[in-house]
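Participant: The structure under discussion is supplied below as structure tokens; questions concerning it will follow.
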Amino acid sequence: MKSAIAVILGAWVAAGAAPAQAPVPLPPSPAWVTISTEQLRADFDTLWAVSDVHGRLEEIDELLVAAKLATREGEDLVVWNRAQPRQLVVALGDYIDGGRDSVGVVLRFDQLSEQAAAAGSRIVALLGNHEAAFLADLKTADRHLLSSAHRRRAELGLHKRPTAEELSNSEFGRFLRGLPVVAFIGSWLFAHSGYIDAKDDRSAVQGYFARLASTWSHEGPERYLAVLDPQSIVSDHNWWRRRSRRSRMKVRLAQLGLDGLVFGHDPDALGFQDVIAMDPDGWFIKVDAGMKDGGSPGMLLRCDLARLVRGTKLAMTTDGKPNCQVLTLDGKLHDLPR
Ligand SMILES: [Mn+2]
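Heads up: take any position in the sequence shown, counting from 1, add 1359, and you land on the numbering used here.
Structure representation (structure tokens):
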């Protein structure tokens, strides 16, 4: 017969007093960036996210200036604000296609990433399906992308009317080929679509990411073809529509020690059109604000790390209230809709 102490001890362990499973037991890979909660707390004060800028250079410049992440040094020159250290900005992909300056947007993130790193901040730029489509098959480059390359030819070191291949071999292509697919930041996953197409058990979820890393170890078009699969973590649309899928996503995230997902890709995700929003349970934040078709002039997710960090985890809410806010072009902060 079990002693009373063993029963109490069993209940205590089951209640979660056992040592927590280490979050994200995944080996390093160029397919992802990992920033632990400890590292977050040591290096940053603010976590920002933006998604689906889609060639809208003027809008993203204005937003970054409104957020004081960048300053304007001329009509077409925006640089990282060196007076604002300890900022972590996650860009969730789809820099190109839509607005008229796709190449300008990519070069802006490229330059700002370097300037931010030199000034005690960091930009983590992730891959979107539009970049993957270009890198998988240069023939998909449309005339808007190529005319944006033509206008930016001096910066790219290219001659008049560059081809998609020349664009791919320029700094534009070099930056895009360096983009990882996902970021594990604290206890949250960041990815363009975010959908994890795996069974719910721990080994299936770990195997899913092991396969992604193995695909990513081969450079070349096949890695981009893989993430263009309609069920991939970069390309899946509308997974968030069904409650059953949302609950299974929570299970899969929990298998990695995670408790949140930040994603873009669908401007109507979670039932909110063209605004950054959170689901009522506080597990998902969608960042696509519909810049592609001009649904909004864009907005930034802003999270104060002092509010967010709880031990080794990040908390989306405090007493049911969202911990992050939304910054609009006028520089004002708003409550996150849910
Ligand atoms: Mn997309």
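We put the CB at the ideal spot given by N, CA and C, even for glycine. Since the model is a prediction, treat every value here as computed from it, not as a measurement.
1) Please work out which residues of its chain come closer than 6 Å, Cβ to Cβ, to Y1454, disregarding the five sequence neighbours upstream and downstream, and give them in chain order.
2) Judging by CA-CA distance, which residue of A1636, D1420, R1605 and D1625 is the nearest neighbour of N1682?
3) Beta strand (DSSP E) containing Q1446: first to last residue?
4) Could you round the C-beta distance between A1408 and P1444 to whole angstroms and report it? I think they count as a contact, below 8 Å.
5) Strictly by DSSP, which residues pair up with K1680?
6) Can you say whether E1421 is buried or exposed, counting buried as having 16 or more other CB atoms within 10 angstroms of its CB?
7) Does the Cβ of N1597 lie closer than 8 Å to at least one heavy atom of ligand 1?
8) At a cut-off of 8 Å, is D1655 close to ligand 1 when judged by its beta-carbon and the heavy atoms of the ligand?
9) How about H1551 and L1504: are their beta carbons less than 9 Å apart?
10) How do the stretch 1384 to 1402 and the stretch 1567 to 1582 stand: do at least 3 beta-carbon pairs fall below 8 Å, yes or no?
11) Residues in the same chain with beta-carbon distance under 7 Å from H1509, minus the five sequence neighbours each way, listed in chain order, please.
12) How is the beta strand (DSSP E) around R1431 delimited, first residue to last?
13) Span of the alpha helix (DSSP H) holding A1513?
14) For T1393, which three-state DSSP category applies?
15) Under 9 Å, do L1664 and F1403 count as touching if we go by C-beta distance?
16) Is the separation between the beta-carbon of P1580 and that of V1634 shorter than 9 Å?
17) From this set, N1528, L1615 and G1458, which residue's C-alpha is nearest D1559's C-alpha?
18) Drop a sphere of 10 angstroms on the beta-carbon of P1639, count the other beta-carbons inside from all chains shown, and report buried for 16 or more, exposed for fewer.
19) Anyone know if the C-beta pair for G1698 and L1416 falls short of 9 Å?
20) By a C-beta neighbour count over all protein chains shown, 10 Å radius and 16 as the cutoff for buried, is A1542 buried or exposed?
21) Nearest CA to the CA of A1628: which residue from L1471, G1654 and W1599?
22) Mind checking whether the beta-carbon of D1411 lies closer than 8 Å to any heavy atom of ligand 1?
23) Do you know offhand how far R1400's Cα is from V1668's?
24) Helix, strand or coil, according to DSSP, for A1442 in the structure here?
25) Got a sec, what are the start and stop residues for the beta strand (DSSP E) W1407 sits in?
26) From this set, R1441, H1596, S1529 and T1499, which residue's C-alpha is nearest A1476's C-alpha?
27) So, with DSSP's three-state summary, where would you put F1468?
28) Would you say the beta carbon of D1633 comes nearer than 8 Å to a heavy atom of ligand 1?
29) How many Å lie between G1566 and I1555 at the Cα?
30) Taking a contact to mean a Cβ-Cβ separation below 9 Å, would you say V1449 touches Q1470 in this structure?
31) Are L1673 and S1480 close, meaning C-beta to C-beta below 9 Å?
32) Which residue wins for smallest C-alpha separation from A1557, given the options S1591, F1531 and N1528?
Facilitator: According to the data block:
1) To locate residue 1454, count along the sequence shown from 1; it is residue 95. Excluding residues within five positions, the ones whose Cβ falls inside 6 Å are V1412, V1464 and V1465.
2) By 1-based counting over the sequence shown, the position of residue 1682 is 323. Nearest of A1636, D1420, R1605 and D1625 to N1682, Cα basis: A1636.
3) Here residue 1446 refers to the residue found at position 87 of the sequence shown. Unbroken beta strand (DSSP E) run through Q1446: Q1446 to A1450.
4) On the sequence shown, position 49 is the one that residue 1408 refers to. On the sequence shown, position 85 is the one that residue 1444 refers to. Not confirmed; about 19 Å, so no contact.
5) Indexing the sequence shown from 1 puts residue 1680 at position 321. According to DSSP, K1680 bridges with T1677.
6) As a first step, residue 1421 is located in the sequence shown; it is residue number 62 there, counting from the start. By the 10 Å Cβ count, E1421 comes out buried.
7) Within the sequence shown, the letter at position 238 stands for residue 1597. Not under cutoff, so the answer is no.
8) Your numbering for residue 1655 matches position 296 in the sequence shown. In the sequence on display, residue 1655 carries Ser and not Asp. Result no, Cβ not under 8 Å from ligand 1.
9) Your numbering for residue 1551 matches position 192 in the sequence shown. Your numbering for residue 1504 matches position 145 in the sequence shown. No, the Cβ-Cβ distance between H1551 and L1504 is not below 9 Å.
10) yes
11) Your numbering for residue 1509 matches position 150 in the sequence shown. These residues qualify, in order along the chain: K1519, R1520 and P1521.
12) For the purposes of this step, residue 1431 is taken as the residue at position 72 of the sequence shown. Looking at the DSSP string, the run of the beta strand (DSSP E) that includes R1431 is A1429 to R1431.
13) Taking the first residue of the sequence shown as position 1, residue 1513 is located at position 154. A1513 -> alpha helix (DSSP H) spans R1512 to L1515.
14) As a first step, residue 1393 must be located in the sequence shown, where it is residue number 34. Correct three-state label for T1393: strand.
15) As a working note, residue 1664 is residue 305 in the sequence shown. As a working note, residue 1403 is residue 44 in the sequence shown. Cβ distance < 9 Å, so L1664 and F1403 count as in contact.
16) Counted from its first residue, the sequence shown places residue 1580 at position 221. Counted from its first residue, the sequence shown places residue 1634 at position 275. Cβ atoms of P1580 and V1634: not closer than 9 Å.
17) In the sequence shown, counting from the first residue as 1, residue 1559 sits at position 200. Checking every option, the nearest Cα to that of D1559 belongs to L1615.
18) Taking the sequence shown and counting its residues from 1, the one referred to as residue 1639 is at position 280. That one is exposed.
19) No information on residue 1698 is available, as it lies outside the stretch 1360 to 1697 that the chain covers here.
20) Here residue 1542 corresponds to residue number 183 of the sequence shown, with the count starting at 1. Buried, since its Cβ has 16 or more Cβ neighbours within 10 Å.
21) By one-based count along the sequence shown, residue 1628 stands at place 269. Ranking the options by Cα distance to A1628, first place goes to W1599.
22) Indexing the sequence shown from 1 puts residue 1411 at position 52. Yes, Cβ of D1411 sits closer than 8 Å to a heavy atom of ligand 1.
23) Here residue 1400 is taken as the residue at index 41 of the sequence shown, counted from 1. Here residue 1668 is taken as the residue at index 309 of the sequence shown, counted from 1. Taking the straight line from one Cα to the other gives about 8 Å.
24) To locate residue 1442, count along the sequence shown from 1; it is residue 83. Three-state DSSP puts A1442 in coil, outside helix and strand.
25) Within the sequence shown, numbered from 1, the residue matching residue 1407 stands at position 48. Per DSSP, W1407 belongs to the beta strand (DSSP E) from T1405 to V1409.
26) One-based indexing of the sequence shown puts residue 1476 at position 117. Ranking R1441, H1596, S1529 and T1499 by Cα distance to A1476 puts R1441 first.
27) In the sequence shown, counting from the first residue as 1, residue 1468 sits at position 109. DSSP places F1468 in helix when its eight states are reduced to three.
28) Taking the first residue of the sequence shown as 1, we reach residue 1633 at position 274. Outside the cutoff, so no.
29) In the sequence shown, counting from the first residue as 1, residue 1566 sits at position 207. In the sequence shown, counting from the first residue as 1, residue 1555 sits at position 196. Approximately 11 Å, taken between the alpha carbons.
30) The residue you call residue 1449 lines up with position 90 of the sequence shown. The residue you call residue 1470 lines up with position 111 of the sequence shown. Not closer than 9 Å, so no.
31) Start at 1 with the first residue of the sequence shown, and residue 1673 comes out as number 314. Start at 1 with the first residue of the sequence shown, and residue 1480 comes out as number 121. Against a cut-off of 9 Å, the Cβ pair of S1480 and L1673 comes out as no contact.
32) On the sequence shown, residue 1557 is found 198 positions in, with the first residue counted as 1. Here the closest residue by C-alpha is S1591.
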